[in-house]
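Engineer:
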Amino acid sequence: MDKIVIEGGRKLKGEVTVSGAKNSTLPIMAASLLTDEESIIENVPNLKDITTMVKLLHSLGAKASYENGTLTVKPGKNLKPVAPYKLVSTMRASVCVLGPLLAREGYAEVSLPGGCVIGARPIDLHLKGLGALGADIEIQHGYIVAKVKRQLRGNDIFLGGNFGSSVLATANVMMAAMLASGKTYIQNAACEPEVVDLAQFLKKMGAKIQGEGSPQIEIEGVKHLRGARHSIIPDRIETGTYMVAAAVTGGDVLIKKTAPEHQNALMDRLAQSGVRIERGKDTIRVRRNGRLRAVDVTTLPYPGFPTDLQAQMMALMAITPGISVITEKIYPDRFIHVAELNRMGSRIFLEGNSAIVHGVKRLSGAPVTASDLRASAALVLAGLVAEGQTEVHRVYHLDRGYEKIEDKLSRLGARIWRAKE
Ligand code: EPU
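As numbered in the working numbering, residues 4 to 424 make up the sequence shown, in order.
#1: Thinking just about the alpha-carbon of each residue, which of Ser-349, Ala-231, Gly-243, Asn-71 is nearest to the one in Gly-209?
#2: Would the beta-carbon of Phe-166 be found less than 6 Å away from any heavy atom of ligand 1?
#3: Taking the alpha helix (DSSP H) that Gly-132 belongs to, which residues open and close that run?
#4: What whole-angstrom Cβ distance do Gly-391 and Gly-416 have, given they're in contact under 8 Å?
#5: With H, G and I counted as helix, E and B as strand and the rest as coil, what does DSSP make of Phe-166?
#6: Would you say Ala-174 and Leu-133 are within 7 Å of each other, going by their C-beta atoms?
#7: Is the closest heavy atom of ligand 1 to the C-beta of Val-170 under 6 Å?
#8: Any chance the region 33-49 sits against the region 72-84, with 3 or more Cβ pairs inside 8 Å?
#9: Identify the continuous beta strand (DSSP E) that holds Leu-353 and give its terminal residues.
#10: Check whether the Cβ atoms of Ile-351 and Leu-344 lie closer than 7 Å to each other.
#11: List the whole-angstrom C-beta distance separating Pro-87 from Ser-68, where the pair is believed to meet the contact cut-off of C-beta under 8 Å.
#12: DSSP has Ser-497 in a bridge; who is on the other side?
#13: Quick one, which of Ser-62, Glu-40, Leu-59, Pro-30 has its alpha-carbon nearest Val-47's?
#14: Would the beta-carbon of Gly-214 fall within 7 Å of that of Val-199?
#15: Looking at C-alpha atoms only, which residue of Gln-143, Ala-96, Val-151, Met-246 is the closest neighbour of Thr-20?
#16: Ignore the nearest five residues each way along the sequence and tell me which others in Gln-154's own chain have a CB closer than 6 Å to its CB.
#17: Alpha carbon to alpha carbon, how far is Lys-260 from Ser-22?
#18: Applying the criterion that 16 or more other CB atoms from any shown protein chain within 10 Å of the CB defines a buried residue, is Met-4 buried or exposed?
#19: For the region 154-170 against the region 256-271, are there 3 or more C-beta pairs whose distance is under 8 Å?
#20: At a cut-off of 6 Å, would you count Thr-310 as near ligand 1, judging by its Cβ distance to the nearest heavy atom?
#21: Along the chain, where does the alpha helix (DSSP H) containing Gly-17 start, and where does it finish?
#22: Whole angstroms is fine: what's the gap from Leu-474's alpha carbon to Thr-323's?
#23: Taking 6 Å as the cut-off, does the CB of Pro-78 come closer than this to any heavy atom belonging to ligand 1?
Next comes the structure, spelled out in structure tokens:
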């Protein structure tokens, strides 16, 4: 396996272009199963998770190929509606094939994803929503076995859980409702831009959807969907990671081909902490030459501060004078990066689902490991500003979600490279 090596201390300067959103692409790939016709998906990032989803589409009997950012999917007439443990355990998002398979085939067997390092991650809301549409669901030998007697029927479904809305449960229920009879209302739907992007793709396929991006989505089932061509929105978490990278190094970075309107919560926190932000139509310039100020951060469903940027923000607060409190309300145990950051000299204490961050003057480079994608990104950011050399191990996790991270950061002036373990 590879590792990423960073010599800290360089200010990032220049321009970086953001890739398409991983978390938009994955459900849209699943949605392409709702027709037997070909769909073309553009601006697809070259990431390990996308390769895993391509493998899953193959194992379901669909044709799928990826070249230069464009994905072509042709499901054909005969699908084999079984998502095996091997693929689902590699990537939880595989569970979003459940809705489309059920809608098209009336039957699906999908391995239960199980927990992961960021928390328990139940799928009760997915099952509740699909059950309300008329699916008969059982758990057998670690698999969700879902059947529909005749056809799924539209319903009024409340999809809120103890931690608020769910992105992939909203996606799964939306996709299942596409070919159902009558109208479906999803209440407490996730408002994330990735849900809106999925709705845009589904509309191009011929779906009738209203209210995407708000907590109530209305769907009128149709008889047939066709293949569609769609370009994926920019990745807001990759964007946010480069914004924090500019801030943490005291640099000046222009982030291009992004969607500034998706970044309000992060822009607000960075501006409060003394970072200068200029937003253009599809660009964000992030600059810092003064001292940082401590800010408190609480993660919330969109448009609140994203949990997927919590670890990166913590790396910034780790070198910010004063005390900041970072509270995690989506995944209360998502703090795997705390112990690793502390190995680099930060002073962070956990108190329930909050991290109390006492800013230190400097971090010192160290070998570190994290088994979560965003935690690994936070360690890279800490490495950019730490004294000496940092080695981030298990790069596999970064490769799941960041396209060419070491190339993009090198071009901004960082000393960062990939090496063999
Ligand atoms: N939840 C339930 N029951 C459910 C589903 C979710 O209680 O049936 C809870 C979760 O445990 C969590 C909260 O609801 O506390 C929100 O989870 P959500 O379902 O929204 O997460 P997800 O859809 O499984 C997506 C992203 C995650 C991101 C979360 C939150 C994809 C492929 N994944 O996951 O991204 O953290 O939304 O925004 O879209 C990442 O990219 O690193 C990543 C983990």
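Backbone N, C-alpha and C fix where the C-beta goes; we use that ideal spot for every residue, glycine too.
Structural biologist: With the given structure in hand:
#1: Answer by Cα proximity: Ala-231.
#2: Under cutoff, so the answer is yes.
#3: Counting along the chain, the unbroken alpha helix (DSSP H) around Gly-132 starts and ends at 127-135.
#4: Contact flag wrong, Cβ pair sits at about 18 Å.
#5: Looking at Phe-166 - three-state DSSP - the assignment turns out to be coil, as it is neither helix nor strand.
#6: Their beta carbons are not under 7 Å apart, which means Ala-174 does not touch Leu-133 by this criterion.
#7: Val-170 Cβ: within cutoff of ligand 1.
#8: When Cβ pairs closer than 8 Å are counted between the two stretches, the region 33-49 is seen to touch the region 72-84, the count reaching three or more.
#9: Start and end: 350-354.
#10: In this structure, Ile-351 sits near Leu-344, with a CB-CB distance shorter than 7 Å.
#11: Actually they are not in contact, since the Cβ atoms of Pro-87 and Ser-68 sit about 21 Å apart, beyond 8 Å.
#12: Shown here, the chain extends from 4 to 424; a query on residue 497 therefore has no answer.
#13: It is Pro-30 whose Cα lies nearest to the Cα of Val-47.
#14: No, these two residues do not count as a Cβ contact at 7 Å.
#15: Comparing Cα positions, the closest option is Met-246.
#16: Cβ neighbours of Gln-154 beyond the five flanking positions: Ser-184.
#17: About 8 Å.
#18: Met-4 is exposed by the Cβ-count criterion.
#19: No, they do not touch.
#20: The nearest non-hydrogen atom of ligand 1 is less than 6 Å from the C-beta of Thr-310.
#21: Element bounds for Gly-17: not the alpha helix (DSSP H) but the beta strand (DSSP E), 16-20.
#22: Given a span of 4 to 424 for the chain in the structure shown, any question on residue 474 remains unanswerable.
#23: Because no heavy atom of ligand 1 lies under 6 Å away, the Cβ of Pro-78 does not count as near it: no.
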